[in-house]
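J.: FYI, in our numbering the residues of the sequence shown are 353 to 595.
Heads up, the beta-carbon is just placed ideally off N, CA and C, and yes, glycines get one too.
I have a structure here, written as structure tokens, and I will follow up with some questions on it.
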Amino acid sequence: MLRTRKVNFLEVILIVFRIFVNFSADAALATGNSVDRSFEPPNMPFAPPDHLPPIASNITNAVSITVGPAAESFVGAFVQNVESSMALTQLLDLSQTTGQQYAQFLYKYCLSWLLKMGVLNGRIAAEFATRPVAQNFPNLPLSTMSRVYGNIAARFLFSVEILNRENAELLGTEYAKMLEKSAKRYGYSQPDSKCVAIFEGLSNFSSFVTPMTPEKAWKLTLTYGIVFLFEAIEYGSTNYCIF
353 MLRTRKVNFL EVILIVFRIF VNFSADAALA TGNSVDRSFE PPNMPFAPPD HLPPIASNIT
413 NAVSITVGPA AESFVGAFVQ NVESSMALTQ LLDLSQTTGQ QYAQFLYKYC LSWLLKMGVL
473 NGRIAAEFAT RPVAQNFPNL PLSTMSRVYG NIAARFLFSV EILNRENAEL LGTEYAKMLE
533 KSAKRYGYSQ PDSKCVAIFE GLSNFSSFVT PMTPEKAWKL TLTYGIVFLF EAIEYGSTNY
593 CIF
């Protein structure tokens, strides 16, 4: 169900918490296994912003609170490399592409990749990944794409227990290098080639740092939806949509 009202930080955290609580159960869907869904997070009333600590009522702290300093270092290193690379600044500038257009591409490629990875219920994950893009972004400028794709990689690596403070900057730089190689391989002057290069760059980097399994492929795809939703809440219009 779509909602277009403003929500506070605690609501956002609970939404994401529910998603991650069910990651292990939902990952079983990726392989067609049965799951036990007897556990559910308790339904809690949402506190109004003036009853929350200052840091919790400020939505701009969402990334810091939900992921941590290692992810911030990773994203910082990645963005710095993007800004110093002509290929990457052109690749990630989709300001002439609407969210709807990008969502259509992303859905197709996510679904194809998930099937290749052996995920049986790929349409569910692909829909989750792309709906926030279509609903919340009139276009996708460089600043948005740099933050989003930095955060997707960081959150995924954090979730599979690879990212830490010691390796964050190194991994962020390596990610940028692999994305640049992908840009030069597929091209970065046309929207279609940009979309392919970005998707292949992220998926190849993810497979490089950790052996990809159906469960991890499912998790990476869901991370798209989480990050695009956070981006819409933090930097987009106040009339954003939450699924």
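1) What residues in its chain sit with their C-beta under 6 Å from that of His403, if we drop five residues either side in the sequence?
2) Name the two residues that bound the continuous alpha helix (DSSP H) containing Asp445.
3) Per DSSP, what kind of secondary structure is Leu472 in: helix, strand or coil?
4) Do you know offhand how far Leu463's Cα is from Ser437's?
5) Relative to the alpha-carbon of Tyr454, which residue among Lys533, Gly474, Glu479 and Gly502 has its alpha-carbon at the smallest distance?
6) Mapping the DSSP letters down to three states, classify Leu492 as helix, strand or coil.
7) I'd like to check one pair, Gly502 with Phe557: are the Cβ atoms closer than 8 Å?
8) For Met438, does the three-state DSSP call read helix, strand or coil?
9) Once you ignore the five residues that flank Ile504 on each side, which residues in its own chain have a CB closer than 7 Å to its CB?
10) Given a cut-off of 8 Å on the beta-carbon distance, is the pair Leu467 and Tyr540 in contact?
11) Straight-line CA distance for Asn516 to Thr525?
12) Keeping to the same chain, check which residues put their C-beta closer than 6 Å to that of Phe430; ignore five residues upstream and five downstream.
13) Just curious, the alpha helix (DSSP H) that Ser555 is in, first and last residue?
14) Give every residue of the same chain whose Cβ lies closer than 6 Å to the Cβ of Gly470, excluding the five residues on either side of it in the sequence, and list them in chain order.
15) Check Tyr459 in the structure and name its three-state DSSP category.
16) Alpha helix (DSSP H) containing Thr525: first to last residue?
17) Assign Leu509 to one of three DSSP states: helix, strand, or coil.
T.: According to the data block:
1) Confidence in His403 is poor, its pLDDT being 40 and thus under 50, which makes the residue's placement too unreliable to answer from.
2) That residue, Asp445, is in no alpha helix (DSSP H); it is neither H nor E in DSSP.
3) coil
4) 30 Å
5) Glu479
6) strand
7) no
8) helix
9) Leu554, Thr575, Tyr576 and Val579
10) no
11) 14 Å
12) Gly502, Gly524, Tyr527 and Ala528
13) Pro543 to Val561
14) Pro566
15) helix
16) Ala520 to Tyr538
17) helix
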